[in-house]
Amino acid sequence: GAVVSQHPSWVICKSGTSVKIECRSLDFQATTMFWYRQFPKQSLMLMATSNEGSKATYEQGVEKDKFLINHASLTLSTLTVTSAHPEDSSFYICSARDWDRGAHEAFFGQGTRLTVV
Amino acid sequence: AQSVAQPEDQVNVAEGNPLTVKCTYSVSGNPYLFWYVQYPNRGLQFLLKYITGDNLVKGSYGFEAEFNKSQTSFHLKKPSALVSDSALYFCAVRETDSWGKLQFGAGTQVVVTP
Chain A
407 GAVVSQHPSW VICKSGTSVK IECRSLDFQA TTMFWYRQFP KQSLMLMATS NEGSKATYEQ
467 GVEKDKFLIN HASLTLSTLT VTSAHPEDSS FYICSARDWD RGAHEAFFGQ GTRLTVV
Chain B
4 AQSVAQPEDQ VNVAEGNPLT VKCTYSVSGN PYLFWYVQYP NRGLQFLLKY ITGDNLVKGS
64 YGFEAEFNKS QTSFHLKKPS ALVSDSALYF CAVRETDSWG KLQFGAGTQV VVTP
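Taken in order, these protein sequences are the chains called A and B.
Residue 445 in our numbering sits at position 39 of the first sequence, and the numbers go up by one each step.
Residue 89 in our numbering sits at position 86 of the second sequence, and the numbers go up by one each step.
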């Protein structure tokens, strides 16, 4: 299946700093990517939909100024957690579908474990 | 609106025994249904999907699932569980006219004991 790569796998940052997470589609073009947040032993919560060349669409309750999304190319979307606080510590996962191939299933990155200290 | 229910937080099974993970869904139109598995600190791995056609779909690692429209269910099954199947399993649904947003169930932790 299609490959989605996420980087970094884990990151520790100090409160007040910003952290950027990258999501790449390695063998297909992804005009749309999705960003999820997952708390321990819980399901995935969709944060936003990243659209190449346009603004992201955020789910209700997600602060767009805190979670900046940039989808600058057909293979790369980034999520920047700005002014991070301990409550932002979580597991962040991206996903994408290979629309050109007509694939129905989404493929997921490896996830990024963010710890804010 | 679409929703998914996984009624069991955890399923325990002995190695070699059949494994079933339950999933029911609710959508206003026709559903696309998916099963994913997640190992600790990893992303989700795609197991199988139902789009159309045969109600019994076969996927990766010996897993299969049966789509039951009347019961709005899509239970995941494996005839003989392995210890390595121990993981967190998610059922997900997407409406056919939805352009990509998946609704996930809460997840079911599968524990396979030797």
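Ideal placement from N, C-alpha and C gives every residue a C-beta, glycine not left out.
This one's a predicted model, so the numbers in the text were calculated from it and none came from an experiment.
Looking at the structure shown, is P492 of chain A part of a helix, part of a strand, or coil, going by DSSP?
helix
Contact check, G110 of chain B vs F93 of chain B, beta carbons under 8 angstroms:
yes
Under three-state DSSP, which class holds Y464 of chain A?
strand
Under the three-state DSSP convention, the category S76 of chain B falls into
strand
Using C-beta distances below 8 angstroms, list every residue in its chain close to D506 of chain A, excluding the 5 sequence neighbours before and after it, in chain order.
F434 and Q435
Proximal residues to T481 of chain A (C-beta, below 7 angstroms), its chain only, five neighbours per side dropped
R430, S431, Q435 and A436
What is the DSSP secondary structure of R443 of chain A, reduced to helix, strand or coil?
strand
Would H491 of chain A count as contacting chain B if we go by Cβ distances under 8 angstroms?
no
Whose C-beta lies closer than 8 angstroms to the C-beta of E11 of chain B among residues of the same chain, with five residues either side of it excluded?
V24, K25 and T111
Alpha carbons only, please: which of A:V417, A:L452 and A:S483 is nearest the one belonging to G459 of chain A?
A:S483
S87 of chain B to Q448 of chain A, Cα distance in whole Å?
21 angstroms
Contact defined as beta carbons within less than 8 angstroms: I believe E18 of chain B pairs with V115 of chain B. What is the distance between those atoms, to the nearest angstrom?
5 angstroms
Proximity to Q74 of chain B [Cα-Cα], best of B:Q48, B:T27 and B:A8
B:T27
With three or more beta-carbon pairs closer than 8 angstroms as the criterion, would you say the region 48 to 58 of chain B touches the region 487 to 504 of chain A?
no
Any chain A beta carbon closer than 8 angstroms to K72 of chain B
no
At which residues does the beta strand (DSSP E) containing P117 of chain B begin and terminate?
Per DSSP, P117 of chain B belongs to no beta strand (DSSP E) and is neither H nor E.
Taking only beta carbons into account, state which residues of the region 36 to 70 of chain B come closer than 7 angstroms to chain A, listed in chain order.
F37, N44, R45, G46, L47, F49, K52 and I54
Measuring only between beta-carbons, confirm whether L105 of chain B sits less than 8 angstroms from chain A.
yes
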